[in-house]
Amino acid sequence: MRLILLVDMDYFFVACEELRRPGIKDKPVIVGADPKGGVGRGVVSTCNYVARKYGIRSGMPISAAYRIKKDAIFLPVDYDYYERISQKVMDVVKGFADKFEQVSIDEAFADVSARADGYDKALDIAKAIKSSIHERLGLPCSVGVGTNKLIAKMACEEAKPAGVKVVREEDAKEFLSKKPIRELYGVGKKMEEKLEVMGYATIGELAKANPMHLAEKLGVYGTDLYNYANGKDDSEVEENYEIKSIGRERTFETDTDDRAEIAKAIRAISKDVSDEVAKGGFVFKVVTLKVRYSDFEEHMRSRSLSHRSNDADELASTAISLFDAHAEKGGRIRKLGVRVSNLMKYGGQKRISEYA
Ligand code: DCP
Ligand code: CA
Ligand code: CA
52 MRLILLVDMD YFFVACEELR RPGIKDKPVI VGADPKGGVG RGVVSTCNYV ARKYGIRSGM
112 PISAAYRIKK DAIFLPVDYD YYERISQKVM DVVKGFADKF EQVSIDEAFA DVSARADGYD
172 KALDIAKAIK SSIHERLGLP CSVGVGTNKL IAKMACEEAK PAGVKVVREE DAKEFLSKKP
232 IRELYGVGKK MEEKLEVMGY ATIGELAKAN PMHLAEKLGV YGTDLYNYAN GKDDSEVEEN
292 YEIKSIGRER TFETDTDDRA EIAKAIRAIS KDVSDEVAKG GFVFKVVTLK VRYSDFEEHM
352 RSRSLSHRSN DADELASTAI SLFDAHAEKG GRIRKLGVRV SNLMKYGGQK RISEYA
């Protein structure tokens with residue numbers, strides 16, 4: 052029997068902010084775009100549970116959050132800081148895992164099958180991870196335990212906040228059945244609407260569907276969803292990939308300083324790079340542009356995105372803006388390179404549009 056844990060940090064970005072601003076702990080706190088007195092654009096990245104009591108949620112327009120709670124504490128996103136803390140969290144979880152897979156900045160799977168002989172031992176490990184993270188880093192997390200990744204993930208959702216939940220194999224179907232389909236792993240907003248139109252409101256209803264019919268209507272994804280609805284998920288906890296970066300370069304036939312030609316070349320290279328990224332099932336966070344001039348002087352500039360992406364247009368526009376921001380040297384260009392790094396597998400189950 053496999054035993055898998057999913058560790059997910061509670062209200063992560065705000066919890067990180069609480070660490071360095073102890074005074075804000077009992078107040079409603081929101082990390083996200085600048086509300087600018089109610090006219091700000093952009094969204095809420097996350098908020099603490101105090102703010103959630105007022106109905107504020109991740110992804111909501113920051114202006115809407117401001118309307119609900121003007122006197123909440125609004126803080127900007129400091130991704131680099133959260134990433135440093137994330138690294139420490141991941142190091143703790145790794146120490147308890149036979150196999151380890153980071154899924155996002157605040158979430159990781161640990162396969163503990165080799166060191167746990169049953170549910171009780173797995174529960175002990177889950178509790179030990181939770182208290183280690185609390186003692187060493189002062190941060191709250193929740194842990195789900197199951198016999199596959201899907202169940203571990205959904206058990207963790209139910210354990211939140213600051214809880215641990217074990218769902219045994221024999222209880223998995225029952226555990227899932229009454230939940231609305233939107234809570235099923237892999238179901239985003241669009242899929243929820245599709246399934247609703249097809250007449251499925253709960254996971255239990257989807258579990259009883261005709262799998263052929265689902266495959267016909269939804270393609271291969273229909274088969275995955277049918278299996279998930281039945282609590283089945285064979286995917287392994289995959290050690291994170293060791294590829295660190297993916298890049299492509301292009302040398303101009305004749306050296307050039309024509310901005311339009313340069314932008315066109317950056318777009319073409321970006322397309323190649325993002326195809327390669329997609330092939331590997333990765334998302335990236337850091338974009339680096341390399342420029343080599345006629346005199347062989349070389350400049351490298353990087354920018355970290357606020358989120359992970361695998362989008363060719365976003366890659367191209369970031370690289371082009373790096374070029375524009377740093378074209379101070381001037382002169383003719385011989386060669387251009389675009390590279391992405393800080394790669395992460397996005398995991399077969401979530402489509403990229405749903406990856407946050
Ligand atoms: N995040 C974001 N935009 C979103 C969702 C999340 O920027 N639409 C960021 C902020 C979160 C972090 O990712 O802190 C982790 O996302 P989670 O979905 O795990 O949410 P939280 O950790 O904030 O809360 P929870 O306690 O529900 O896990
Ligand atoms: Ca979280
Ligand atoms: Ca998460």
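Residue 297 in our numbering is what sits at position 246 of the sequence shown, and the numbering runs on without skipping anything.
A virtual CB, placed ideally from N, CA and C, is assigned to each residue, including glycine.
Open item on the list: Quick test of your reading: Ile320 and Arg301, contact by CB under 8 Å. State the CB separation rounded to the nearest angstrom.
Closed with: 5 Å
Task: Residues that Ile176 bridges to, as DSSP identifies them - done: BP columns for Ile176 are empty, so no partner.
- [ ] Would you kindly check if the distance between the Cβ of Tyr279 and the Cβ of Leu201 is under 7 Å?
- [x] Taking the C-beta atoms as reference points, Tyr279 is found nearer than 7 Å to Leu201.
Task: Candidates Ile254, Glu209 and Gly214, of which the one nearest Ser228 by Cα - done: Ile254
Open item on the list: So the candidates are Val288, Leu387 and Met60; which of them puts its Cα closest to the Cα of Thr305?
Closed with: Leu387
- [ ] Would you kindly work out how many angstroms separate the C-alpha atoms of Asp131 and Gln138, rounded to a whole number?
- [x] Between Asp131 and Gln138, the C-alpha separation is close to 11 Å.
Task: contact_flag[the segment 139 to 147, the segment 171 to 185] where n(CB pairs < 8 Å) is 3 or more - done: Touching, yes.
- [ ] Consult DSSP for Met60 and reduce its assignment to one of helix, strand or coil.
- [x] strand
Task: Sequence-ordered residues whose beta carbon comes within less than 5 Å of a heavy atom of ligand 3 - done: Per the Cβ criterion, the list is Asp59, Asp157 and Glu158.
Task: Nearest-angstrom Cα separation, counted from Ser392 out to Val101 - done: Val101 and Ser392: Cα-Cα distance of roughly 36 Å.
- [ ] Assign Gly282 to one of two classes, buried (16 or more other C-beta atoms within 10 Å of its C-beta) or exposed (fewer than that).
- [x] By the neighbour-count rule (16 or more Cβ atoms within 10 Å), Gly282 is buried.
Task: Whole-angstrom distance between Pro127 and Cys67, CA atom to CA atom - done: 12 Å
Open item on the list: Excluding the 5 residues flanking Val324 on each side, which residues of the same chain have their C-beta closer than 7 Å to its C-beta?
Closed with: Ile297, Gly298, Arg299, Leu366, Val389 and Val391
Task: Alpha carbon of Pro32 to alpha carbon of Ile136, nearest angstrom - done: The structure shown does not extend to residue 32, since the chain is modelled only from 52 through 407, so no value can be given for it.
Open item on the list: Using a Cβ distance threshold of 8 Å, determine whether the segment 163 to 183 contacts the segment 209 to 219, with at least three qualifying pairs required.
Closed with: yes
Task: Extent of the continuous alpha helix (DSSP H) to which Glu312 belongs - done: Arg310 to Lys330
- [ ] Give a single yes or no on whether Tyr130 has its beta carbon closer than 6 Å to a heavy atom of ligand 1.
- [x] no
- [ ] Following the continuous beta strand (DSSP E) through Phe333, name the residue where it begins and the one where it ends.
- [x] Phe333 to Tyr344
Task: Rounded separation between Glu290 and Tyr133 - CA only - done: CA-to-CA, the gap between Glu290 and Tyr133 works out to about 22 Å.
- [ ] Please name the residue in Ser96, Ser355, Arg103 and Ile124 whose C-alpha comes closest to that of Pro73.
- [x] Ranking the options by Cα distance to Pro73, first place goes to Ile124.
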